[in-house]
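*Asks:* The structure follows.
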Amino acid sequence: MNSENPGAVEDVAEGGQLRASTLELFFDLVFVFTITQLTHAFTHHPGWAALGQVALMFGVIWWMYAGYVWLTNEVAPDSSARRTWLLIGMFGFFVLALSIPGAFTGSGLAFGLAYALITVVHALMFATSGTDGAAGIRRIGPFNALSAGLVLAGGCIHGWPRYLLWSLALAVQILSPYLVHGGGFVVRVSHFCERHGLVIIVALGESVVAIGTGLAGQDITVGMVATVALGLTLVYVLWWAFFGLDDERGEHALGALPTAERTQAAVAGYDYAFYLLLVGIILTAAGISMTIAHGHEAASKAAALALSGGVALYFVGQAFFRQVLGLPRPWVRLIAAVAVMATAPIGMAWVAWGQLIVLVAVGYGFVIADDLMSIREGGAGKYLSRSTLIARRPRE
């Protein structure tokens with residue numbers, strides 16, 4: 005981590021992890037499968053109902069997955085016992101992902117039981133850790149248990165009561181940090197931000213997979229290669245939009261906050277905002293999957309809206325991230341979200357690859373314009389500095 009970040013010194017002093025461990029990266033492999041399952045859940049029955057189901061399922065899943073990021077931030081997997089418990093949690097997440105396609109039909113109980121297992125392992129690891137997080141889990145744990153109970157109860161019944169109970173579970177999770185004020189948890193900034201960044205990378209990988217699976221079995225032609233280039237460029241735009249500057253700026257902003265204020269900012273800036281970022285990636289991957297093999301044809305309404313809407317939601321999430329952490333120009337990302345959303349009719353009225361071309365151009369244009377403003381204000385990062393762009397301030 006950059007030595008200018010005060011969080012780095014604090015991390016060392018508290019003995020927290022400075023880097024994500026390889027076990028945590030192994031743990032993230034299950035998240036890859038989860039994103040894949042959610043993407044398929046939308047593409048198999050695209051529409052508003054599928055979007056609501058995906059948003060609801062991912063909401064409760066992300067809360068506990070982010071909870072495991074907080075867990076390993078506080079409780080390093082440095083013993084056989086801790087690694088075993090994490091493996092059990094990983095098993096729970098895998099079963100949870102397996103149950104996603106039928107979560108609202110026949111596998112709701114499996115979803116609920118897996119979720120309960122995940123929650124219990126999370127609470128036990130925190131409670132027995134001997135760290136400051138043990139006090140924190142005593143505050144937030146009852147709310148997590150209530151949410152898990154609602155998810156399990158919803159899995160036992162069918163129809164609208166399942167939607168209601170799972171929605172209540174998500175509402176409890178959203179509100180609980182503000183009811184308990186996040187006391188007891190210590191955010192070790194470098195590790196915390198790196199882990200969340202890796203989650204974005206993992207999710208973006210699903211968009212790359214969507215390009216490959218969507219074109220599986222197709223003859224390799226000039227048109228297909230051009231479409232692949234467009235698809236990969238769109239994924240790159242999403243990567244660059246966050247990792248170009250905001251990843252580092254967010255880490256510095258979080259590390260600069262007093263310890264007492266850091267927990268709430270971490271919840272809002274990384275847990276809540278990342279939910280929007282990740283759902284945006286899921287929808288983008290779904291849109292790519294539904295259009296990539298038929299780029300010369302008009303896109304369906306669901307496919308066109310998923311493709312442009314996913315990128316738009318990603319930008320909205322980034323605007324929220326900037327607003328929470330006090331980063332520059334959240335409004336630019338909001339304008340970008342409106343602009344990319346406006347490209348959806350192109351796919352429906354013309355052809356899918358036409359929408360993809362305009363979407364890439366508009367999205368990348370806004371990101372580059374924002375970068376230029378940052379550079380002119382003196383902003384820089386490991387991927388972006390004055391030397392990387394042609395535009396410079398005139399000498400005074």
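Quick note: the sequence shown, position 60, residue 64 per our numbering, numbers continuous. C-beta: ideal position from N, C-alpha, C; glycine also. Quick caveat, the model's predicted, so the values are computed rather than measured.
Span of the alpha helix (DSSP H) holding LYS386?
*Replies:* LYS386 -> no alpha helix (DSSP H), and no H or E assigned at all.
*Asks:* Can PHE130 and SER180 be called in contact, C-beta distance under 7 Å?
*Replies:* No, the Cβ-Cβ distance between PHE130 and SER180 is not below 7 Å.
*Asks:* On the CB-based measure, 16 or more other CB atoms within 10 Å of its CB, does ARG192 come out buried or exposed?
*Replies:* So ARG192 ends up on the buried side.
*Asks:* Compare the beta carbon distance of GLY254 and LEU329 with 7 Å and say whether it is the shorter of the two.
*Replies:* In this structure, LEU329 lies closer than 7 Å to GLY254 by Cβ.
*Asks:* Who are the near neighbours of ALA139 in its chain, counting only those whose CB is closer than 6 Å to its CB and skipping five residues on each side?
*Replies:* Counting only Cβ-Cβ distances below 6 Å, and skipping sequence neighbours, we find GLY188.
*Asks:* If GLY159 and LEU102 are in contact, beta carbons under 8 Å, what's the gap, nearest whole angstrom?
*Replies:* About 14 Å separates the two Cβ atoms, so there is no contact after all.
*Asks:* Is PHE189 helix, strand or coil when you go by DSSP?
*Replies:* Looking at PHE189 - three-state DSSP - the assignment turns out to be coil, as it is neither helix nor strand.
*Asks:* Anyone know if the C-beta pair for THR288 and GLY314 falls short of 7 Å?
*Replies:* Yes, the pair counts as a contact, with Cβ atoms nearer than the cut-off.
*Asks:* What I want to know is whether the C-beta of ILE361 ends up closer than 6 Å to one or more non-hydrogen atoms of the ligand PLP.
*Replies:* Absence of the ligand PLP from the depicted structure is noted, as is the absence of any ligand whatsoever, leaving it without description.
*Asks:* Classify ILE394 as buried or exposed, calling it buried when 16 or more other Cβ atoms lie within 10 Å of its own Cβ.
*Replies:* In this prediction, ILE394 has a pLDDT of 49, which is less than 50 and means its spatial position is unreliable; what the coordinates show is noted afterwards. Classification for ILE394: exposed.
*Asks:* Please tell me whether TYR368 and GLY248 are closer than 7 Å, where the distance is taken between their beta carbons.
*Replies:* No, they are not a contact pair.
*Asks:* For chain B, check one thing: does any of its Cβ atoms lie closer than 7 Å to the Cβ of MET129?
*Replies:* Looking at the structure shown, chain B is missing, and only one protein chain is on hand.
*Asks:* For ALA323, which residues of its own chain have a beta-carbon under 6 Å away from its beta-carbon, when the five flanking residues on both sides are left out?
*Replies:* Contacts found: PRO334, ARG337, LEU338.
*Asks:* Starting from VAL283, trace the alpha helix (DSSP H) both ways and give me its first and last residue.
*Replies:* Per DSSP, VAL283 belongs to the alpha helix (DSSP H) from 277-295.
*Asks:* Counting only the same chain and skipping the five closest in sequence on each side, list residues whose C-beta sits under 7 Å from that of ILE65.
*Replies:* Correct list, in chain order: THR38, LEU100.
*Asks:* Measuring alpha carbon to alpha carbon, tell me which of THR40, SER25, VAL34, GLY51 ends up nearest ALA306.
*Replies:* Of the listed residues, the one whose Cα sits closest to ALA306 is GLY51.
*Asks:* Please list, in chain order, all residues of the same chain as PHE98 whose beta carbon is under 6 Å from its beta carbon, the five residues on each side excluded.
*Replies:* If we look at PHE98 and ignore the five residues flanking it on each side, its Cβ neighbours are VAL34.
*Asks:* Quick check on the DSSP output: what are the complete alpha helix (DSSP H) runs of length 4 or more inside the region 323-348, in order along the chain?
*Replies:* Within the region 323-348, the complete alpha helix (DSSP H) runs of at least 4 residues are 334-345.
*Asks:* Quick test of your reading: HIS200 and TYR279, contact by CB under 8 Å. State the CB separation rounded to the nearest angstrom.
*Replies:* HIS200 to TYR279, Cβ: 11 Å. No contact.
*Asks:* Using a Cβ distance threshold of 8 Å, determine whether the region 229-238 contacts the region 353-371, with at least three qualifying pairs required.
*Replies:* Enough Cβ pairs lie closer than 8 Å, so yes.
*Asks:* Please state whether the Cβ-Cβ distance between ALA341 and PHE319 is less than 7 Å.
*Replies:* Cβ atoms of ALA341 and PHE319: closer than 7 Å.
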